[in-house]
Amino acid sequence: MIIWEKDKNRTVMESGVKFNEKALLKIAGRCYDLLQSAPSKKDALRKISITATREFGDYFGPIILQDPNEISVNFIELLDQIVFEMDENHSGEDNIREYIIDDLYARINIYLEIFKDIDLYKQGLSKRIFCADDTIIIRHFKMREYIPDILKEFQEQPNLQKPILKCLLTFQADDLLNFYYQIAQGIYCIEIKSLALIGLKGFNSKFTNWHKLKTSDDELASLISYIESFEPADIHTNALPYDLNTLFFVINFIEQHRTGIINNKTVYWIYSVFKTFLHINIENSFFTSIFASVSNILISMESEYIKRFAEREEELISFIYFLDILPRSIFDRITVKLDALEKDFIQKVNEIISAGKITLDEVNSNTISYLLWNSPRSF
2 MIIWEKDKNR TVMESGVKFN EKALLKIAGR CYDLLQSAPS KKDALRKISI
52 TATREFGDYF GPIILQDPNE ISVNFIELLD QIVFEMDENH SGEDNIREYI
102 IDDLYARINI YLEIFKDIDL YKQGLSKRIF CADDTIIIRH FKMREYIPDI
152 LKEFQEQPNL QKPILKCLLT FQADDLLNFY YQIAQGIYCI EIKSLALIGL
202 KGFNSKFTNW HKLKTSDDEL ASLISYIESF EPADIHTNAL PYDLNTLFFV
252 INFIEQHRTG IINNKTVYWI YSVFKTFLHI NIENSFFTSI FASVSNILIS
302 MESEYIKRFA EREEELISFI YFLDILPRSI FDRITVKLDA LEKDFIQKVN
352 EIISAGKITL DEVNSNTISY LLWNSPRSF
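Under this note's numbering, the first residue of the sequence shown is numbered 2, with each subsequent residue one higher.
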């Protein structure tokens, strides 16, 4: 619920200031200038930290973004990390581990370059080591020219294989079919294979050799059978994921195709997929990536679809439980979508809690924290 506008670049709300893309670009521009003029990496990060706290406050996160996307979310989270590191070590800065400074400096430079100018980013990329942040940027801006380079990086940097595959899935390129096929047949973890199988599924009738991928590994064979029968054009007709592997596949498939498949027909099926999180244990190896995919799906989803999750009391209760299993950092990314539901959502949740129809952890509940943060709007 918008209260007033402070200026053209900021939307001021009762819970705090919301920054739009134009405002974020201005702040990034100032940070870029500081980076270029600072005498050292440490000094540059300190000045950027001061600028960030001056603009956003001492404690901030993706909640400050008016219209978040994957790049702006990662940029804000990186700024927050810089503020934390500079503040935690200000009394003994000589003890700051040099590799932390180097890493933060290198990463913030990448984002400031892409905010400044896309050609500047490309020039910088040609002179440094490829990293995970590059996969996010290349995917967001659909930079097809980097496909050959990314394929090389897949072999040279095994630690980046997951983000590299997620980046490549953005592109439709015939020469990727054999690449995905080799991974599906190779010795890789099931997460890597699942992402490659998403790639193969994208080729539709061009790839039909699913039977050649099935092995004596029951876990993998079950996943391949599910994917083979999966209908990409009408996802709402598919069976829901039934274990961690099929859930990982479905969530990543939705994430990769979210701009084209979220509609009136599919939204309830997608919501049902979210509810399976309540019954499937998310193991550590899947934890970070699967919830990051969930946040990307939700922040790209139109508010009118998220409102569907709160239409009926039974569905709202499941949605609350789903929100509460999200890591706090992921929940913070999607609060702007809850803000769009305004008082109706808050009132309904308050009524359910007051009636004792749901039991939440008062200390760790994301939902309760959100209600407390927005209490001025609740009453």
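Glycine included, C-beta positions come from ideal geometry on N, C-alpha and C.
Reduced DSSP secondary structure (H/G/I, E/B, other) of residue i
i    : result
F20  : strand
L25  : helix
L66  : strand
E256 : helix
N365 : coil
N265 : coil
A53  : helix
R98  : coil
C32  : helix
I283 : coil
Y371 : helix
T360 : coil
A174 : coil
D340 : helix
E146 : helix
K43  : helix
R386 : The chain is shown from 2 up to 380; residue 386 falls before or after that span and cannot be answered.
N10  : The predicted model places N10 with a pLDDT of 45, which falls under 50 and marks its position as unreliable, so this point remains unresolved.
D244 : coil
T209 : coil
L214 : coil
A234 : coil
I83  : helix
D103 : helix
D59  : coil
F250 : helix
F275 : helix
Q186 : helix
Through-space distance from residue j to residue i, alpha-carbon basis
i    : j    : result
A45  : L26  : 18 angstroms
S217 : F288 : 27 angstroms
G62  : T260 : 25 angstroms
T136 : E352 : 43 angstroms
R378 : I331 : Note that R378 has pLDDT 47, beneath the 50 cutoff, so the model's placement of it is unreliable and the number below is only indicative. When rounded, the distance between both Cα atoms is 23 angstroms.
R55  : D333 : 21 angstroms
F250 : K42  : 40 angstroms
K349 : I271 : 22 angstroms
L169 : Y147 : 10 angstroms
V74  : L66  : 8 angstroms
K344 : N375 : 9 angstroms
E363 : V337 : 22 angstroms
Q124 : S206 : 39 angstroms
G30  : F172 : 30 angstroms
L339 : A24  : 22 angstroms
V295 : I115 : 25 angstroms
I77  : P242 : 33 angstroms
A39  : I72  : 25 angstroms
L105 : G58  : 20 angstroms
W5   : F131 : Low confidence applies to W5: its pLDDT is 28, below 50, so where it sits in the model is not reliable, and the reading given next is rough at best. Taking the straight line from one Cα to the other gives about 43 angstroms.
K215 : I255 : 24 angstroms
S301 : Q37  : 33 angstroms
I165 : P159 : 10 angstroms
L178 : N365 : 44 angstroms
S290 : I347 : 29 angstroms
When the options are compared against residue i, the one with the closest alpha-carbon
i    : options                : result
K308 : S330, T136, N264, I326 : N264
D34  : A24, N110, Y60, D103   : N110
A238 : L224, N253, K266       : The amino acid at residue 238 is misidentified as Ala; the sequence shows Thr. When only C-alpha atoms are compared, the closest one is K266.
S50  : N375, C32, E316        : C32
F20  : P149, A53, A39, R98    : A53
N297 : S319, P164, Q257, F310 : Q257
I359 : F292, S319, L113, N365 : S319
F142 : D120, E229, A185       : D120
T277 : I262, M302, L324, E232 : L324
K394 : E220, S304, Y60, E312  : Examination of residue 394 is not possible in this model, given that the chain is present from 2 through 380 alone.
D235 : I262, T209, W211       : I262
S382 : D103, I191, D150, I64  : Residue 382 is absent from the structure shown; the chain starts at 2 and stops at 380.
S230 : L198, N253, L245       : L198
N282 : A185, V18, N246        : N246
Element boundaries [alpha helix (DSSP H), containing residue i]
i    : result
A197 : 191-202
G125 : 119-126
Y227 : 219-230
S319 : 314-326
E303 : That residue, E303, is in no alpha helix (DSSP H); it is neither H nor E in DSSP.
I165 : 162-169
Min CB distance residue i to chain C below 7 angstroms
i    : result
P159 : Absent from the structure: chain C. Only one protein chain is present.
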